[in-house]
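Below is one structure; the comments refer to it alone.
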Amino acid sequence: MTMGRVPQGEQMNPVEHNRWAWDRQVEEGNQWTLPVTSEQVAAAREGRWEVFLTPAKPVPGAWFGEVRGKDLLLLASGGGQQGPLLAAAGARITVFDNSPRQLGQDRMVAERDGLEIRTVLGDMRDLSAFAAGAFDLIFHPVSNCFAPEIRPVWREAFRVLRPGGALLAGFMNPVIYTFDQELERQGTYTMRRSIPCCDLETYSEEERNRLFGEHTPLEWSHSLDDQIGGQIEAGFLLAGFYEDTEAGWKLSEYFPPYLATRAVKPLPTGTG
Numbered sequence: 262m263t264m265g266r267v268p269q270g271e272q273m274n275p276v277e278h279n280r281w282a283w284d285r286q287v288e289e290g291n292q293w294t295l296p297v298t299s300e301q302v303a304a305a306r307e308g309r310w311e312v313f314l315t316p317a318k319p320v321p322g323a324w325f326g327e328v329r330g331k332d333l334l335l336l337a338s339g340g341g342q343q344g345p346l347l348a349a350a351g352a353r354i355t356v357f358d359n360s361p362r363q364l365g366q367d368r369m370v371a372e373r374d375g376l377e378i379r380t381v382l383g384d385m386r387d388l389s390a391f392a393a394g395a396f397d398l399i400f401h402p403v404s405n406c407f408a409p410e411i412r413p414v415w416r417e418a419f420r421v422l423r424p425g426g427a428l429l430a431g432f433m434n435p436v437i438y439t440f441d442q443e444l445e446r447q448g449t450y451t452m453r454r455s456i457p458c459c460d461l462e463t464y465s466e467e468e469r470n471r472l473f474g475e476h477t478p479l480e481w482s483h484s485l486d487d488q489i490g491g492q493i494e495a496g497f498l499l500a501g502f503y504e505d506t507e508a509g510w511k512l513s514e515y516f517p518p519y520l521a522t523r524a525v526k527p528l529p530t531g532t533g
């Protein structure tokens, strides 16, 4: 067992495991832990910036509107990537993440480039650190695959948004989780799992380490009923949608593995 490793099996706390695992991902230089450069921050200060909910397509500017002076929550979005650019563009930024090391990347960029970024450690399903109606916009890139359940994420996001505010969310197409991962790497696409599912239920620890690496976070598939239906159930109105692919992932040649939504918290009846 690696020093500091969260215990496996029945005693494992998935939130603690993924906190540990994402801290290790920072040490190993995972692409989603590499902070933006000072040059990118300088460009964002001049109004030239783009951020990503999914790997390849930048989020349409219309999904944001004017961010200057707005309160933005970067939900499960540490790593020093999106938060610093939006802060440089003039937004008031709070980054909420389960990994101390990921939050440390945001603080490093903020100190390096003179940005104001608040960082908060926690589980994305529990936003009790924030008052109701605290934010104008929530930016939630692909990350809820690391949470055992996601309807609480949508309910909490709805609560902390102001009326008229928007939730921008990226997430995995759940179909990807049905394939046998080992066979997929050999170019054979065989269904192994049904949705919803979790790595713990499908693979032994030895298989997980061999297929994904010892320091890989646990993932859960979530049905579209939970992903999109869950947003609607929480009270959101869907106002935007797109699909995305990932370069180098063979599965992307057959269907888009990533989805993104823009969901709006309605204004009270009789206003706006």
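In this note's numbering, the protein residues as written are 262 to 533.
We put the CB at the ideal spot given by N, CA and C, even for glycine.
Check	Outcome
Mind checking which residues open and close the beta strand (DSSP E) that includes Pro518?	First-last for Pro518: undefined, no H or E at that position.
Beta carbon of Pro478, beta carbon of Ala282: below 8 Å?	yes
Quick check: the Cα distance between Glu480 and Trp310, rounded to an integer number of angstroms?	30 Å
Below 8 Å between beta carbons: does that hold for Gly341 and Asp367?	yes
Assuming Pro491 contacts Arg412 under a Cβ cut-off of 8 Å, what Cβ separation, rounded to an integer in Å, is found between them?	Here residue 491 turns out to be Gly, not Pro, going by the sequence shown. So it is a contact: roughly 4 Å between Cβ atoms.
With H, G and I counted as helix, E and B as strand and the rest as coil, what does DSSP make of Cys458?	coil
Please classify Thr380: is it buried, with 16 or more other beta-carbons within 10 angstroms of its beta-carbon, or exposed?	buried
Of the residues Ala408, Pro424, Gly365, which one's Cα is nearest the Cα of Gly394?	Pro424
Return the CA-CA distance between Arg454 and Arg285, expressed in angstroms with no decimal places.	28 Å
Is Ile493 buried or exposed, if buried means 16 or more other CB atoms sit within 10 Å of its CB?	exposed
Roughly how many angstroms lie between the CA atoms of Val370 and Glu307, to the nearest whole one?	17 Å
Where Glu507 and Phe516 are concerned, what is the direct C-alpha to C-alpha distance, given to the nearest angstrom?	11 Å
Go ahead and label Glu300 buried or exposed: buried means 16 or more other beta carbons lie within 10 angstroms of its beta carbon, across all protein chains shown.	exposed
Taking DSSP as the reference, what is the three-state secondary structure of Gly351?	coil
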